[in-house]
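Undergrad: Position 170 of the sequence shown, counted from 1, bears residue number 170 in the UniProt record's numbering, the numbering being contiguous throughout.
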Amino acid sequence: MIEVGSRKALESEPFRLRQALAEVNAALAQQRRDNDAQERMLRAREDAMKTKDLELQASILRFAQFLQQNEGKRSRAARRVQEETSAEEAARVRAETLAAELRDAHSAVETLRKELAKIQRYQDFLVKVAQSSNGEFATPDSIIERHSQLQTAGSSLMRQHLATLKEVQACRSAAATASAAARAQAQELQSRLSGVQASCHVALQRAEALQAVVDAAQAAELVRQRDEWRVRWWDT
Numbered sequence: 001m002i003e004v005g006s007r008k009a010l011e012s013e014p015f016r017l018r019q020a021l022a023e024v025n026a027a028l029a030q031q032r033r034d035n036d037a038q039e040r041m042l043r044a045r046e047d048a049m050k051t052k053d054l055e056l057q058a059s060i061l062r063f064a065q066f067l068q069q070n071e072g073k074r075s076r077a078a079r080r081v082q083e084e085t086s087a088e089e090a091a092r093v094r095a096e097t098l099a100a101e102l103r104d105a106h107s108a109v110e111t112l113r114k115e116l117a118k119i120q121r122y123q124d125f126l127v128k129v130a131q132s133s134n135g136e137f138a139t140p141d142s143i144i145e146r147h148s149q150l151q152t153a154g155s156s157l158m159r160q161h162l163a164t165l166k167e168v169q170a171c172r173s174a175a176a177t178a179s180a181a182a183r184a185q186a187q188e189l190q191s192r193l194s195g196v197q198a199s200c201h202v203a204l205q206r207a208e209a210l211q212a213v214v215d216a217a218q219a220a221e222l223v224r225q226r227d228e229w230r231v232r233w234w235d236t
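(1) Just the C-alpha distance for A176 and A64, rounded to the nearest angstrom, thanks.
(2) Out of R45, A184, A163 and E221, state which residue places its alpha-carbon closest to the alpha-carbon of R113.
(3) Can the beta-carbon of A87 be found closer than 8 Å to that of Q185?
(4) Please say whether R172 and L61 have beta carbons closer to each other than 8 Å?
(5) Anyone know if the C-beta pair for E167 and A105 falls short of 8 Å?
(6) In angstroms, rounded to a whole number, what distance separates the CA positions of Q190 and A219?
(7) Run the CB neighbour count on L98, radius 10 Å, all protein chains shown included, and call it buried at 16 or more, exposed below.
(8) Since E221 contacts M41 with CB under 8 Å, what's their CB separation in whole angstroms?
(9) Using a Cβ-Cβ cut-off of 8 Å (strictly less than) and excluding sequence neighbours within five positions of R224, which residues of its own chain qualify?
(10) Give a yes or no on whether the C-beta atoms belonging to S199 and N70 are separated by under 8 Å.
(11) Could you check whether L165 and A109 sit closer than 8 Å to each other, using their CB atoms as the reference points?
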């Protein structure tokens, strides 16, 4: 009986070995399938990260182009401000020139008024002389002729006075126009400068936001590479 039991035990031993080998093979096959699935998943994640990285690089390129365009706009705006500042300076110089001409015109008018007053006093004197001479003067016609000449000179001075007044009014009008134009140009320059500063501030905020996205993407890539290295190390 002992011999028969030993024989049966020996006969069942290969069966158990084959069964154990089959279980090991099945486990290995399942492990390979799991490894293949994990590898496909990792490859898919890697492809997704590459796609995201390409999109991020494209976004960075677009933003760099945007910054370059903004820099061009800022440069053009700065040149425009410089040109308009020069124009404002020219307008200011023109206004000062007109103010000087206006002062000269006022001085000329005052001189004409004084000269006209002198002529008027002399004319009144001649009239009184003519009226009170009663024929005592040897040449009364000369006094009358002189009186006529003074009237002519007075009329000429009056015309000059009116012309000078018109010139003064024109100078005042031109000076007021130049001053108003200079103030308007200064306000416009200030408004444009504020717009350029606001655009630069927005661009800086966008750059900071994009830098934060780049930093986050780089950190995620480092974590992904570390996890992938750990998986491959454990597989080996």
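Just so it is clear, CB atoms sit at the ideal spot from N, CA and C, and this is done for glycine as well.
TA: A quick look at the data gives this:
(1) 47 Å
(2) A163
(3) yes
(4) no
(5) yes
(6) 44 Å
(7) buried
(8) With a Cβ gap of about 17 Å, E221 and M41 do not count as contacting.
(9) R45, E46 and M49
(10) yes
(11) The sequence shown places Val at residue 109, not Ala. Yes, they are a contact pair.
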